[in-house]
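Below you'll find the structure, written out as structure tokens, and then a few comments.
Protein chains: 2
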Amino acid sequence: MVSAQRFVLATRPEGEPTRGNFQLERIEMPDPRPGELLLRTQYLSVDPYVRGRISGIRSYAEPTAIGSPPPGHAVGVVERSEDSQWSVGDIVVADTGWQTHALVCASDVRKLDPGLASVTTSLGVLGMPGFTAYAGLLKLGKPKPGDTVVVGAATGPVGSLVGQIAKIRGARAVGIAGGPQKTSFLLSDLGFDASADHRSKDFGDQLRAAASDGIDVYFENIGGEVFNAVFPLLNPFARIPVCGVMSEYNSTSSRPGLPQQLLRTVLNKSVTIRGFVFTEFWDQLFDRFLTDVSGWIREGKVRYREDIVEGFENTPDAFRGLLRGENFGKLIVRLSE
Amino acid sequence: MVSAQRFVLATRPEGEPTRGNFQLERIEMPDPRPGELLLRTQYLSVDPYVRGRISGIRSYAEPTAIGSPPPGHAVGVVERSEDSQWSVGDIVVADTGWQTHALVCASDVRKLDPGLASVTTSLGVLGMPGFTAYAGLLKLGKPKPGDTVVVGAATGPVGSLVGQIAKIRGARAVGIAGGPQKTSFLLSDLGFDASADHRSKDFGDQLRAAASDGIDVYFENIGGEVFNAVFPLLNPFARIPVCGVMSEYNSTSSRPGLPQQLLRTVLNKSVTIRGFVFTEFWDQLFDRFLTDVSGWIREGKVRYREDIVEGFENTPDAFRGLLRGENFGKLIVRLSE
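Residue numbers (the numbering used here), protein chains in the order written: chain A, 298 to 634; chain B, 298 to 634.
Given below as structure tokens:
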């Protein structure tokens with residue numbers, strides 16, 4: 298028997314999650330049944346969407362049950378295999394949740410080639426966040442050369458790829474991020490054309506200046522005040538793919554509220570607002586995404602940044618920091634051996 | 298010289314328009330120049346979108362200037378022609394504004410065949426409102442067989458066609474209208490599957506019952522409380538074409554407000570909200586629209602209702618009643634000889 302640790306949801310957060318919402322447990326892992334693999338987690342992805350799942354509100358997915366681990370993809374090594382396709386030692390990515398070990402169905406697992414790219418990229422730029430950026434921007438945002446594309450949380454794994462793909466497609470990339478260190482990074486390292494600091498008092502003016510020709514695509518992953526600042530700047534036929542509303546995940550009551558004129562602006566400017574979850578496009582587009590984005594990384598057209606936290610025990614704090622924007626790049630927890 | 302009358306915008310309305318916002322003028326019509334026609338108006342269309350234009354707020358079109366006539370399509374007869382393609386006595390449809398006579402460019406005019414359909418249909422079911430329904434529903438709403446399609450102002454020229462085309466495409470049609478006379482008409486005369494009375498105290502319950510399988514397409518021409526009642530009933534991948542927000546045109550201050558959870562619902566249910574103006578699809582689709590809808594009328598698959606007000610002098614009052622939902626069918630003013 299393998300002894301494992303996991304975090305489970307102890308209580309549902311009201312507003313910002315606390316350390317006490319999560320409880321560390323020791324469990325003995327059962328043996329894998331036929332078709333299953335036992336994985337040991339090496340890297341665990343910590344993502345904003347988890348805040349929605351632990352709220353208990355039904356969204357596009359079932360909420361995390363009290364007593365169960367919050368969801369999360371992880372890079373793991375196969376420790377035991379009851380499926381002929383997989384061998385002990387294989388490196389895979391799977392949705393394990395916040396656990397040091399997991400039993401997974403062999404068919405739900407994707408094999409990684411550590412020679413091709415750093416395995417952690419499978420949790421970020423070459424994983425679900427990168428795919429969300431790629432599919433949402435290209436299928437729904439549809440940037441044309443010369444368009445202005447605006448994205449929030451722009452140093453994160455979704456936003457940074459949205460801006461860089463926009464550039465590859467000949468559009469102007471405007472990134473919104475919190476604080477001067479992040480906004481500088483957008484210009485100096487990721488090649489964005491302009492930036493705006495949503496923590497700055499003159500954020501609205503910064504955004505207007507950064508998007509002086511108006512906004513053709515707003516890739517929405519923030520919501521709240523950022524959405525409200527973007528809205529008056531939309532151009533006719535603007536597209537707004539919505540993949541997240543991170544600023545609202547912790548909200549307990551009525552926040553800034555939406556622009557009263559939202560529907561009128563949608564009408565007057567023939568705006569498209571379109572929510573999506575990456576799964577909609579996965580089967581159709583994942584292979585092309587991997588080919589395109591890994592190629593762009595090799596060619597130096599796409600850069601990515603990871604923010605790696607050491608130690609499984611720090612997962613809840615890392616998650617809480619993520620919701621406050623304290624991470625800088627894709628947040629990943631590295632598990633000790 | 299021909300002596301004409303016209304209504305001009307005297308002052309901009311605050312909230313509900315008053316009779317005093319419009320002023321009746323007598324003018325002498327100048328002679329048509331080369332390429333122009335002088336029309337005598339027979340039927341004038343009075344439409345909700347006019348409320349937006351006279352507000353002075355820039356929308357998808359320039360606002361009506363003070364001292365100019367509000368916009369409106371009309372059926373008119375050519376009284377003088379300075380274009381070789383047109384003869385005195387031709388019956389045409391053109392954007393004349395609220396006038397008994399108009400000078401128009403020959404190239405902006407569409408000829409009508411009075412033998413084919415009642416000429417008034419060119420202002421309603423076979424004109425701009427009908428085209429708005431056809432293009433918005435088919436290009437943006439994309440109803441599939443079995444879908445539930447909900448539309449407001451459902452006895453009006455847009456809503457009634459939306460519901461009937463939904464039926465032709467194998468979807469369920471649910472109409473929202475004000476008062477029992479109109480909701481009964483939806484079921485008995487237009488073949489809608491269900492209805493809900495937005496003036497009724499239990500409107501929300503009525504709508505929930507009428508759309509018991511949820512809502513796949515909401516064709517938005519109302520806004521306000523109707524939008525808010527529809528929102529929680531949306532199914533995954535619901536589509537919301539927005540062609541108008543009639544309930545908000547008279548609003549002076551903050552009305553009910555939008556659902557706080559709007560973006561989260563858009564995300565969780567992969568909803569599409571898409572504003573449009575009929576002109577977007579005109580060149581591409583108008584001929585097919587005329588063929589399809591006139592065919593459906595002949596086959597008895599599409600019915601329409603007109604609400605004809607006698608006398609040009611009653612145009613402002615007819616318009617004011619329209620914004621209160623007092624008309625029953627496409628509102629048209631008939632001008633005396």
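From the three backbone atoms N, C-alpha and C, an ideal C-beta is built for every residue, glycine too.
Asked: Can you tell me whether A/Val385 is buried or exposed, with buried defined as 16 or more other CB within 10 angstroms of its CB?; Found: exposed
Asked: Taking three-plus beta-carbon pairs below 8 angstroms as touching, is the stretch 437–450 of chain B in contact with the stretch 504–511 of chain B?; Found: yes
Asked: Spatial neighbours of B/Arg323 within its chain, please: CB distance less than 8 angstroms, with the 5 preceding and 5 following residues excluded, ordered by chain position.; Found: Ser300, Ala301, Gln302
Asked: So the candidates are B/His370, B/Leu335, B/Met326, B/Glu325; which of them puts its Cα closest to the Cα of B/Tyr346?; Found: B/His370
Asked: What are the uninterrupted segments assigned as alpha helix (DSSP H) that are 4 or more residues long and contained completely in the stretch 417–483 of chain B, given in chain order?; Found: 425–432, 454–465
Asked: Nearest-angstrom Cα distance between B/Ala491 and B/Arg469?; Found: 8 angstroms
Asked: Could I get the ranges of all uninterrupted beta strand (DSSP E) runs contained in the stretch 500–553 of chain B, with 3 residues as the minimum, in chain order?; Found: 512–516, 531–539
Asked: Using a 10 Å radius around the Cβ and a threshold of 16 neighbouring Cβ atoms, would you call A/Ile354 buried or exposed?; Found: exposed
Asked: Roughly how many angstroms lie between the CA atoms of A/Leu293 and A/Pro533, to the nearest whole one?; Found: Absent from the structure is residue 293 of chain A, since the part of chain A shown begins at 298 and ends at 634.
Asked: Got a sec: is the Cβ-Cβ distance from A/Thr393 to anything in chain B below 8 angstroms?; Found: no
Asked: So, with DSSP's three-state summary, where would you put B/Gly626?; Found: coil
Asked: Name the two residues that bound the continuous beta strand (DSSP E) containing B/Gln339.; Found: 333–342
Asked: Mind checking who A/Phe319 pairs with in its DSSP beta bridge?; Found: A/Leu306
Asked: With a 10 Å radius around its C-beta and 16 neighbouring C-beta atoms as the bar for buried, classify B/Gln382 as buried or exposed.; Found: exposed
Asked: Just confirm the distance between the C-beta atoms of B/Ala526 and B/Gly501, as a whole number of angstroms; I'd bet it's less than 8 angstroms.; Found: 5 angstroms
Asked: Between A/Gly572 and chain B, is there a C-beta pair that is closer than 8 angstroms?; Found: yes
Asked: Is B/Thr417 near B/Val372, with beta carbons less than 8 angstroms apart?; Found: yes
Asked: Hey, A/Ala432 and A/Leu582: beta-carbon distance below 8 angstroms or not?; Found: yes
Asked: In three-state terms, what does DSSP make of A/Glu610?; Found: helix
Asked: Consult DSSP for A/Asp494 and reduce its assignment to one of helix, strand or coil.; Found: strand
Asked: Are the C-beta of A/Leu531 and some C-beta of chain B separated by less than 8 angstroms?; Found: no
Asked: For the alpha helix (DSSP H) that B/Asp392 lies in, which residues bound it at each end?; Found: Element bounds for B/Asp392: not the alpha helix (DSSP H) but the beta strand (DSSP E), 388–392.
Asked: Does the distance from the CB of B/Pro529 to the CB of B/Phe304 come in under 8 angstroms?; Found: no
Asked: Given a limit of 7 angstroms on CB to CB distance, which residues of the stretch 343–371 of chain A reach chain B?; Found: Ser356, Tyr357
Asked: Using a Cβ-Cβ cutoff of less than 7 angstroms, which residues in the same chain neighbour B/Gly488 once the five nearest sequence positions on both sides are dropped?; Found: Gln461, Lys464
Asked: Whose C-beta lies closer than 7 angstroms to the C-beta of B/Thr361 among residues of the same chain, with five residues either side of it excluded?; Found: Leu306, Arg350, Ile351, Pro367, Pro368
Asked: Once DSSP output is grouped into helix, strand and coil, what is the label at A/Ile594?; Found: helix
Asked: Determine the contact status of B/Gly475 and B/Asp494, defining contact as a CB-CB distance below 8 angstroms.; Found: yes
Asked: If you reduce the DSSP assignment to three classes, tell me which class B/Gln396 lands in.; Found: strand
Asked: Sort B/Leu336, B/Thr393, B/Asp344, B/Leu434 by Cα distance to B/Phe578 and report the nearest one.; Found: B/Leu434
Asked: Closer than 8 angstroms, CB to CB, is B/Thr569 near chain A or not?; Found: yes
Asked: Is the beta carbon of A/Asp380 less than 8 angstroms from the beta carbon of A/Leu335?; Found: no
Asked: Find the residues of chain A that neighbour B/Lys658, judging by a C-beta separation of less than 8 angstroms, and give them in chain order.; Found: Residue 658 of chain B is absent from the structure shown; chain B starts at 298 and stops at 634.
Asked: Determine the direct distance from the alpha carbon of A/Val542 to that of B/Pro538, and round the result to whole angstroms.; Found: 22 angstroms
Asked: With a threshold of 8 angstroms between beta carbons, is B/Leu560 in contact with chain A?; Found: yes
Asked: Should B/Val459 and B/Ala430 be called a contact, given that it needs their Cβ atoms to be closer than 8 angstroms?; Found: yes
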